[in-house]
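Residue numbers (the numbering used here): 1 to 1206. Beta carbons are placed, not taken as given, at the ideal position from N, Cα and C, and that holds for glycine.
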């Protein structure tokens, strides 16, 4: 069977491998014949393994499963001669099966267990079964149906009169199986209209809420229906304000009567927003937006009828419904919400008439001082050659608001067309996009043309889905085929008046090959080769060939865009092509690498490559083998200074020199490197203007966003005047002629490449200009990340998340993460936020509440969402400062409370056996004692045993062993003031040995170790491990009176872990314990045990340091804590003999004491117990205890002990 399974596994693996290389049994194909042959041979030998195995046979197919939401669904298959199973799934709406999702159990077994989550509704499953002979068969398809739980979403109406007999429509989900409907416990008739709708008739009821319940065979859901006193239909008497903007958003108040229970308010055909029934006579709501201005009725509906007020509200608008000119066409087409347009007319058009179309007959338009009513046009408006700005001011129906429409009408000058910027050659990827653009003036029409080699003539670019802008200044071609390589494009530009046409220079389109080489670094070396170079490009795989000229090179595949190659030896000095080849094509970089005769110095680049003739320009020269440079010259003049920064870089200071390009020469001990014309000396003309930026590409802009770019010129005389000399600006961008600044919101559809020339002139007539290009990207969504300092002790102010973002307005903002998570709580709000100064602008704000004690960097990630899409993750970093003095003060208080609490726990847990215990244990009974009891601020579990206890069990009264070993353990749970109801733990393990000097004297030595964990505040924990060791003794002062005393020394090692600070500290401590105990038999069955105890503890904390994540360290002085605990108490017990040698002993105990050092307090305890004893064998004890002190600590609990001989 093992051979068969192995053979089947090989066959399955080969089946998948063959599928990837194109064998018929596979599902995917590739094109490597040699691999297919090799795998085919391997498959042949695998199939030829000797076996008598059988094919798998499916006995029972997987069945469709219906499961409740969040339950488990099992799909099973039964098969004979099966050695393996492989389940697959297909999501709804898709056609292909794939691997089952993660988290599903049984993907390689006969039973697949699927969590029935809602999103898995309709998922299909099947299984491949591998037979013992290595063949696979596939099962039938089974589908998972997830039964959604029954839910009620809403009632309409949600309130009814107490008389009932009102139809109520219930909406929700999974109503098909509803079998019963009750209202107030009464069954009511119902009708299931769909899986989401049920209609019922409400029965009579009482004033108040009644439970409405829907029940199926397996589940139910409910909501509340409100019953009220029947009243008259609502009456509307007034509305304020009676008007508002078309966009809505105003809060409106309506007055009248019988408004109680109103469930619907409408304004015209729209449903009111945020309706508030303020009283029986007043309702307020927010007016919704509407598509057109005019009057609107107000309607209010209650369970007892509806009331309306006709034409009570007026939607105002200062927008036009249309706008046209008697000559020229508006660009873009009219949109009532767009206010700026342009139009062009020929030189013979000397005037134009403006015709507005009003949205409402009560609107008025003012054009050139002339008021126009509905249906009127303006008088002819004279046009001058060039640009004419027409402004149309439109007033709303009540003249409360206005909108200004602007039309820039350009009257053509009659000058011939001119091309200012010709189309540039484009290199694009196969399947990519190419954009050609032209900048022309006096242009009326554009027509792009194409020439496909070897044809010599151009013809118009055809209309294809992949081509746009054939008759504009920008031509865009997408999904470029490889055959487009080498085609040329030009544009025919025609003027307005005379039909004159000019043609641009042709621009060539080149298609990058699928594999290409863009760069070799470094690009030169010696003939001996052996240098490591980086080859960058595209389309690389791990199975390419690399050559330098005719020589093959070894390489390492890094990525599809990068290879690392070892340069082979060269055949002759000079440049060679670098080629990266696949089996189907080559990527070639002509002259990509240069072999040199010797490995001498070489200059690759100089930056900057130009400077003034006065010299003193610091330049960086990069190349190879520059180490040890002995001279650097510029045009034969030595550099003022130079510094060699390694083999590939030196920094030099240019000397003065005449204007023009000069050779740069670096001389080293192994040769000379020269870069011809490597540096240009610039000579500034007297009085010339210097532009900033100095021309060229400006920072990219984005369509639909604000844009601001300062362009300034220095030089000239007096006031400067800026102008647009050539080209065009993106729509929406204007040039400030006084400052040269480009500003304005760019139009949503203004993406593209722009080229223009900005001119400047002074009052003396001196002029200058600079050419710029600007790329406007399509509108997208982005957010900006910021770092904000928060002063110590202050709460971070709200941070506006959409500040600096693009792609708004934003409809939503989401918190993605808070790092570290315990730093605090982050929330998002929308509105105008009151800050330290004036109210902040409307937007999305981050509100962050740091956790108590947090200091450092808190990183909050967020996303914004708008109609454009969802942004990437932006990060607000809040650097929350700390107050060192406050940190030291809080840490000191934390440790002081920890040490004091531990001292109290040590005091209550520190116990050593004395003469009284030795005599009781020596009289027999128990070998091991345990107890569970409360102590001050704690609950404790204790166990103890000793040699005396074990050897004394069953001994006679007068027998006590001389030498005793003992062990004692205590476990506590404690809580103290300031711990926020969090409980900590304390444990102590004690061991010792003592020797009986006589019947009245005992001496010994004890060792104690303890550990405590104290969760003092949120995110703050102090832990410590300590020890004590020393001698103790016990003496009988008189008959029945004993004195026990001990002296112990030790220390502890402790860790501090708070939200922002960590550290460690050590302590030194000592304890002196002394107690006088008596035992008197009041009668034969009554025993009194009084006790007087004093215990002194001292613990010194050494100086210590705490550190935060930023590496800041605070030094904190140590301190000493002391406690003196004096208490007096006793226990009264009575013995009741029982049959069989057993004894029942009830007891009560009381203790009271003072702690006068440092924090003075009084404390006391009350206890009651019951003991059952089998003399010489075992003893069972139970006790209840109550502890109190004057500083507010109270503890109570129970103590139990079991003693027995073994």
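Smallest Cα separation from residue i: which of the options?
i	options	result
residue 656	401, 612, 698 and 649	612
residue 402	376, 363 and 388	363
residue 342	351, 336, 350 and 329	329
residue 796	1051, 881 and 818	881
residue 728	708, 758 and 699	758
residue 539	429, 600 and 100	429
residue 73	145, 100, 136 and 86	145
residue 283	1066, 237 and 394	237
residue 108	1170, 126, 867 and 419	126
residue 503	512, 509 and 489	489
residue 1113	1123, 884 and 911	884
residue 372	382, 395, 744 and 986	395
residue 711	659, 735 and 1045	735
residue 782	805, 765, 773 and 771	805
residue 637	314, 652, 545 and 1053	652
In whole angstroms, what separates the C-alpha of residue i from that of residue j?
i	j	result
residue 666	residue 845	58 Å
residue 287	residue 809	21 Å
residue 1161	residue 1155	5 Å
residue 316	residue 250	12 Å
residue 226	residue 262	12 Å
residue 340	residue 405	6 Å
residue 349	residue 325	12 Å
residue 31	residue 581	Here the model assigns residue 31 a pLDDT of 34, short of 50, so the residue's position is not dependable, and the following value carries that caveat. In a straight line, the C-alpha of residue 31 is about 16 Å away from that of residue 581.
residue 452	residue 436	16 Å
residue 281	residue 378	50 Å
residue 942	residue 877	Only weak support exists for where residue 942 lies, its pLDDT of 47 falling under 50; the value from the coordinates is given anyway. Whole-angstrom Cα-Cα distance: 51 Å.
residue 1082	residue 1136	14 Å
residue 1146	residue 1047	34 Å
residue 575	residue 625	19 Å
residue 871	residue 891	42 Å
residue 332	residue 242	36 Å
Got a sec, what are the start and stop residues for the alpha helix (DSSP H) residue i sits in?
i	result
residue 902	884-909
Could you please give the first and the last residue of the uninterrupted beta strand (DSSP E) stretch that includes residue i?
i	result
residue 266	264-267
residue 478	Here residue 478 belongs to no beta strand (DSSP E), and DSSP marks it neither H nor E.
residue 633	631-634
residue 854	Element bounds for residue 854: n/a, residue is neither H nor E.
residue 964	963-974
residue 554	551-559
residue 871	Looking at the DSSP string, residue 871 is not in any beta strand (DSSP E), and its letter there is neither H nor E.
residue 653	649-653
residue 372	370-372
residue 213	208-215
Near residue i, what residues of its chain come up, given a Cβ to Cβ distance below 6 Å and the 5 sequence neighbours on each side ignored?
i	result
residue 149	69
residue 124	90, 141 and 143
residue 505	422
residue 40	Confidence in residue 40 is poor, its pLDDT being 44 and thus under 50, which makes the residue's placement too unreliable to answer from.
residue 1189	1161 and 1163
Quick one: what's got a C-beta closer than 8 Å to residue i's C-beta in the same chain, skipping five residues either side?
i	result
residue 747	703, 704, 730, 731 and 732
residue 217	177 and 179
Quick check on residue i - is its C-beta less than 8 Å from some C-beta in chain C?
i	result
residue 1171	Looking for chain C here will not work: only one protein chain is present.
To which residues of the same chain is residue i closer than 7 Å at the C-beta, ignoring the five residues directly before and after it?
i	result
residue 514	430, 539 and 585
residue 573	527, 595, 596 and 597
residue 434	426, 428, 477, 480 and 509
> Where in the segment 987-1020 do unbroken runs of the alpha helix (DSSP H), each at least 4 residues long, occur, reported from the N-terminal end onward?
Replying inline: none
>> My parser needs the beta strand (DSSP E) runs of 3 or more residues fully inside the segment 506-574; what are they?
In response: 507-512, 516-521, 524-526, 532-538, 545-548, 551-559 and 562-566
>> List, from N- to C-terminal side, the alpha helix (DSSP H) runs of 4 residues or more that fit wholly inside the segment 126-178.
In response: none
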